[in-house]
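**Student:** After the structure tokens below, expect a handful of questions from me.
There are 2 protein chains.
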Amino acid sequence: MSLKYSILGLLHYEDMHGYRIKEHIEKNFGHMWSINFGQIYPNLKKLEQEGLVSMGEAVQNGQKGPPKKLYSVTPKGKQEFLTWLEQSPEKSMLLRDPFLMRFVFFGFGDTKIAIGLIDEQIAAYEDQLHHRQQNKKRWQSKDIFVNQVAELGIEMNSMFLTWLKSTRKKLVETIPMDTMNEMDKEASE
Amino acid sequence: MSLKYSILGLLHYEDMHGYRIKEHIEKNFGHMWSINFGQIYPNLKKLEQEGLVSMGEAVQNGQKGPPKKLYSVTPKGKQEFLTWLEQSPEKSMLLRDPFLMRFVFFGFGDTKIAIGLIDEQIAAYEDQLHHRQQNKKRWQSKDIFVNQVAELGIEMNSMFLTWLKSTRKKLVETIPMDTMNEMDKEASE
DNA sequence: CCTCTCATGTAAGACGTTACATGATTCA
DNA sequence: TGAATCATGTAACGTCTTACATGAGAGG
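Have a look at this one:
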């Protein structure tokens with residue numbers, strides 16, 4: 001149920017229509033969240049039915065496409081949002097990552113392939129880290145909370161990279177010398 | 190779809206029945222995963238229909254309750270598991286944590302309440318960290334991969350705690366002196 | 001006798017993702 | 001003309017959680 005309230009929260013910054021909300025999330029929180037229209041439009045409808053947001057006149061604003069439906073938070077919506085904000089969250093963070101799920105079982109497979117998969121992860125997260133660092137610079141001015149989450153993302157990312165690299169090293173050490181051939185270049189790092 | 194393969198993976202260690210699988214996950218991976226019967230039994234059925242596991246005679250083993258249905262991995266299951274293992278995972282880690290979801294919007298609420306919620310998180314994760322550390326000692330002997338995941342869990346946990354504490358400090362500093370009353374004891378840490 | 005543990009399973013619903021359908025305008 | 005962008009939405013599907021139904025034996 002937090003997605004509904006996240007949308008309600010975003011509307012506290014400014015009135016938006018569905019399409020805009022998706023853009024906003026992708027731009028500002030894209031590295032940690034993802035969202036799709038299949039969720040946004042039904043949630044907006046629900047929020048409206050509950051009287052937490054209200055839709056202004058559908059505006060054929062600029063030019064293209066169907067008219068935008070601008071939503072704004074009602075007083076009731078603000079109130080209920082605060083109540084939600086101040087509740088203790090029910091569940092704690094779970095790391096249910098598709099890579100980690102495989103990783104646990106790598107002992108049943110080939111170590112060299114495992115190292116290959118680890119290398120893929122390293123590349124992907126190095127990439128993501130750069131994006132996150134640049135994103136952080138771009139905001140900076142925003143409020144502490146948004147900034148702190150960005151900071152957390154960066155730290156998590158760095159930590160995971162460190163872990164991946166040290167894991168890789170440990171694995172390489174377990175491979176017998178005589179079977180090392182394609183691997184030797186990277187192993188000498 | 191990784192849950193199906195995780196179950197298949199667990200059955201590589203030893204033959205198990207559904208109830209046992211849940212116990213096993215809770216004991217060994219409980220801090221990162223959760224699973225329920227609503228998923229286990231249907232998945233076992235599906236795995237059997239696909240010929241990846243086979244069910245031995247339902248054994249009225251010891252005493253209580255209905256007979257256990259012991260499942261074991263078939264050769265086809267082993268083969269398909271390896272194929273899955275060696276695939277690159279589709280998606281990267283997402284931090285979609287209910288606390289963090291709220292946290293982003295704390296700017297719209299009361300700072301003191303925010304600090305209270307942060308304190309709750311600190312307590313919860315300090316607790317979890319102790320569990321993880323003790324769990325890690327208990328295993329130790331197991332294979333590198335399981336150990337490394339345990340290590341990662343501990344590091345993530347520690348990092349998150351550090352982040353929570355530094356965030357708390359930053360927030361306390363923004364509270365004007367004269368409105369500090371209930372808060373002063375903890376703030377002087 | 002009542003509750004706990006062992007053991008099976010199903011059904012309803014919440015939540016998420018992917019894909020499709022529609023349609024106007026802008027730009028190459 | 002055809003693709004991209006803006007903008008709405010729905011339907012089908014997949015996954016996950018919660019709650020219930022059943023039933024035997026053990027222990028207080």
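Same order as they appear, the protein sequences are chains A and B. The first sequence begins at 1 in our numbering and counts up one residue at a time. The second sequence begins at 190 in our numbering and counts up one residue at a time. Positions of the beta carbon are idealized from the N, C-alpha and C atoms, including for glycine. If you're wondering where the values come from, they're calculated on a predicted model, not measured in any experiment.
#1: Name the residues in the segment 131–145 of chain A whose C-beta lies less than 8 Å from a C-beta of chain B; which are they?
#2: Whole alpha helix (DSSP H) runs in the segment 69–117 of chain A with 4 or more residues, listed along the chain?
#3: Confirm, please, whether the CB-CB distance from Asp97(A) to Lys282(B) is below 8 Å.
#4: Taking all protein chains shown into account, decide if Ile196(B) is buried (16 or more other Cβ within 10 angstroms of its Cβ) or exposed.
#5: Excluding the five sequence neighbours on either side, which residues of its own chain have a C-beta within less than 8 Å of the C-beta of Leu52(A), listed in chain order?
#6: According to DSSP, simplified to helix, strand and coil, what is Ser158(A)?
#7: Answer with buried or exposed for Thr356(B), where buried requires no fewer than 16 other C-beta atoms within 10 angstroms of its C-beta.
#8: Against chain B, which members of the segment 77–102 of chain A pass a CB distance test of less than 9 Å?
#9: For His319(B), is the classification buried or exposed, using 16 other Cβ atoms within 10 angstroms of its Cβ as the cut-off for buried?
#10: From Lys280(B), Phe292(B), Asp308(B) and Val293(B), pick the residue whose C-alpha is nearest to that of Leu100(A); which is it?
#11: Anything in chain A within Cβ reach of Glu344(B), meaning under 7 Å, just list it in chain order.
#12: Which of the three DSSP states is assigned to Ser54(A) in this structure?
#13: Leaving out five residues on either side along the sequence, give the residues of the same chain with a beta carbon under 6 Å from the beta carbon of Asn217(B).
#14: Quick check on the burial criterion: 16 or more other C-beta atoms within 10 angstroms. Buried or exposed for Gly18(A)?
#15: So, Ile343(B) versus Gln310(B), is the Cβ gap smaller than 8 Å?
#16: Assign Trp84(A) to one of two classes, buried (16 or more other C-beta atoms within 10 Å of its C-beta) or exposed (fewer than that).
#17: Does any CB atom of chain A fall closer than 8 Å to the CB of Met221(B)?
#18: From Lys165(A) to Leu70(A), what does the alpha carbon distance come to, in whole angstroms?
#19: Rounding to the nearest angstrom, what Cα-Cα distance links Glu375(B) and Lys142(A) in this structure?
#20: Note down the Cα distance separating Met244(B) from Lys234(B), rounded to an integer number of angstroms.
#21: Ser277(B) and Leu117(A) look like a contact to me (Cβ under 8 Å); what is the Cβ gap, rounded to whole Å?
#22: What residues from chain A crowd round Lys313(B), counting only those whose CB sits closer than 8 Å?
#23: What are the residues that DSSP puts in a beta bridge with Met16(A)?
#24: Rank Phe295(B), Glu246(B) and Ser191(B) by C-alpha distance to the C-alpha of Glu275(B) and give the top, closest one.
#25: Just curious, the alpha helix (DSSP H) that Pro42(A) is in, first and last residue?
#26: Rounded to whole angstroms, what's the CA-CA distance from Leu341(B) to Phe160(A)? Just pull it up for me.
#27: Can you find the residues in the same chain that come closer than 8 Å, C-beta to C-beta, to Asn147(A), ignoring five residues on each side of it along the sequence?
#28: Under a Cβ-count criterion, where at least 16 other Cβ atoms within 10 Å of its own Cβ denotes burial, should Glu14(A) be classed as buried or exposed?
#29: Looking only at C-alpha atoms, which of Leu47(A), Ala114(A) and Gly30(A) sits nearest to Ile175(A)?
#30: Do you know offhand how far Gly298(B)'s Cα is from Glu362(B)'s?
#31: Alpha carbon to alpha carbon, how far is Asn346(B) from Ala312(B)? Give it in angstroms, no decimals.
#32: Report the option in Arg209(B), Phe295(B), Thr300(B) and Phe294(B) whose CA atom is closest to the CA atom of Ile229(B).
#33: For the putative contact between Phe145(A) and Gly296(B), defined by C-beta atoms under 8 Å, what is the C-beta separation to the nearest angstrom?
#34: Which residues of the segment 202–235 of chain B have a Cβ closer than 8 Å to any Cβ of chain A? Give them in chain order.
**Tutor:** Inspection of the coordinates gives the following:
#1: Asp143, Ile144 and Phe145
#2: Segments of the alpha helix (DSSP H) lying fully in the segment 69–117 of chain A: 75–85 and 98–103.
#3: Translated into the one-based positions of the second sequence, residue 282(B) becomes position 93. Translated into the one-based positions of the first sequence, residue 97(A) becomes position 97. Per the sequence shown, the amino acid found at residue 282(B) is Met instead of Lys. Yes, the Cβ-Cβ distance between Met282(B) and Asp97(A) is below 8 Å.
#4: Taking the first residue of the second sequence as 1, we reach residue 196(B) at position 7. Ile196(B) is buried by the Cβ-count criterion.
#5: Locating residue 52(A) in the first sequence gives position 52, where the first residue counts as 1. Closer than 8 Å at Cβ, skipping near neighbours: Leu8, Val73, Thr74, Lys76, Gly77, Glu80 and Phe81.
#6: Stepping through the first sequence from its first residue, residue 158(A) is reached at position 158. Helix, per DSSP.
#7: Counting from 1 along the second sequence, the entry for residue 356(B) is found at position 167. Buried: at least 16 other Cβ atoms inside 10 Å.
#8: Lys78, Phe81, Leu82, Trp84, Leu85, Glu86, Gln87, Ser88, Pro89, Glu90, Lys91, Ser92, Met93, Leu94, Leu95, Arg96, Asp97, Pro98, Phe99, Leu100, Met101 and Arg102
#9: Here residue 319(B) is taken as the residue at index 130 of the second sequence, counted from 1. So His319(B) counts as exposed.
#10: Within the first sequence, numbered from 1, the residue matching residue 100(A) stands at position 100. Of the listed residues, the one whose Cα sits closest to Leu100(A) is Lys280(B).
#11: Position 155 of the second sequence, counted from the start, is the residue given in the question as residue 344(B). Met159 and Trp163, listed in chain order.
#12: Residue numbering aside, residue 54(A) sits at position 54 when the first sequence is read from its first letter. Here Ser54(A) sits in strand by DSSP.
#13: Locating residue 217(B) in the second sequence gives position 28, where the first residue counts as 1. No residues qualify anywhere along the chain.
#14: Reading the first sequence from its first residue, position 18 is the one you call residue 18(A). With 16 or more Cβ atoms within 10 Å of its Cβ, Gly18(A) is classed as buried.
#15: If you number the second sequence from 1, residue 343(B) lands on position 154. If you number the second sequence from 1, residue 310(B) lands on position 121. In this structure, Gln310(B) does not lie closer than 8 Å to Ile343(B) by Cβ.
#16: Here residue 84(A) refers to the residue found at position 84 when the first sequence is read from its first residue. Trp84(A) is buried by the Cβ-count criterion.
#17: Reading the second sequence from its first residue, position 32 is the one you call residue 221(B). Interface flag for Met221(B) against chain A is set, since a Cβ pair is found closer than 8 Å.
#18: The residue given as residue 165(A) occupies position 165 in the first sequence. The residue given as residue 70(A) occupies position 70 in the first sequence. Distance between the alpha carbons of Lys165(A) and Leu70(A): 47 Å.
#19: Translated into the one-based positions of the second sequence, residue 375(B) becomes position 186. Translated into the one-based positions of the first sequence, residue 142(A) becomes position 142. Because Glu375(B) sits at a pLDDT of 49, beneath the cut-off of 50, its placement in the model cannot be relied upon, and the point is left open.
#20: The residue labelled residue 244(B) in the question sits at position 55 within the second sequence. The residue labelled residue 234(B) in the question sits at position 45 within the second sequence. Straight-line Cα distance between these residues: approximately 10 Å.
#21: The residue given as residue 277(B) occupies position 88 in the second sequence. The residue given as residue 117(A) occupies position 117 in the first sequence. Indeed, because the Cβ distance is near 6 Å, the residues count as touching under 8 Å.
#22: Looking up residue 313(B) in the second sequence gives position 124. Looking at the sequence itself, residue 313(B) is Ala, so the reference to Lys does not match. For Ala313(B), the residues of chain A that pass the 8 Å Cβ criterion are Ser92, in the order they occur in the chain.
#23: Residue 16(A) sits at position 16 when you count from the first residue of the first sequence. Met16(A) is bridged to Tyr71(A).
#24: What you label residue 275(B) is simply residue 86 of the second sequence in a count that begins at 1. Comparing Cα-Cα distances from Glu275(B) to each of Phe295(B), Glu246(B) and Ser191(B), the minimum goes to Ser191(B).
#25: Residue 42(A) sits at position 42 when you count from the first residue of the first sequence. Counting along the chain, the alpha helix (DSSP H) containing Pro42(A) begins and ends at Phe37 to Gln49.
#26: In the second sequence, the residue the question calls residue 341(B) occupies position 152. In the first sequence, the residue the question calls residue 160(A) occupies position 160. Going by the C-alpha atoms only, they are around 8 Å apart.
#27: Stepping through the first sequence from its first residue, residue 147(A) is reached at position 147. Excluding residues within five positions, the ones whose Cβ falls inside 8 Å are Lys136, Trp139 and Gln140.
#28: For this step, residue 14(A) is matched to residue 14 along the first sequence. Exposed.
#29: The residue given as residue 175(A) occupies position 175 in the first sequence. It is Ala114(A).
#30: Translated into positions along the second sequence, residue 298(B) becomes position 109. Translated into positions along the second sequence, residue 362(B) becomes position 173. Answer to the nearest angstrom: the Cα atoms are 17 Å apart.
#31: Sequence index remark: in the second sequence, residue 312(B) carries index 123 (1-based). Sequence index remark: in the second sequence, residue 346(B) carries index 157 (1-based). The straight-line gap from Cα to Cα measures roughly 12 Å.
#32: Residue 229(B) sits at position 40 when you count from the first residue of the second sequence. Minimum Cα distance to Ile229(B) is reached at Arg209(B).
#33: Along the first sequence, read from residue 1 onward, the residue named residue 145(A) stands at position 145. Along the second sequence, read from residue 1 onward, the residue named residue 296(B) stands at position 107. Indeed they touch by this definition, with Cβ atoms about 5 Å apart.
#34: Phe218, Met221, Trp222 and Ser223
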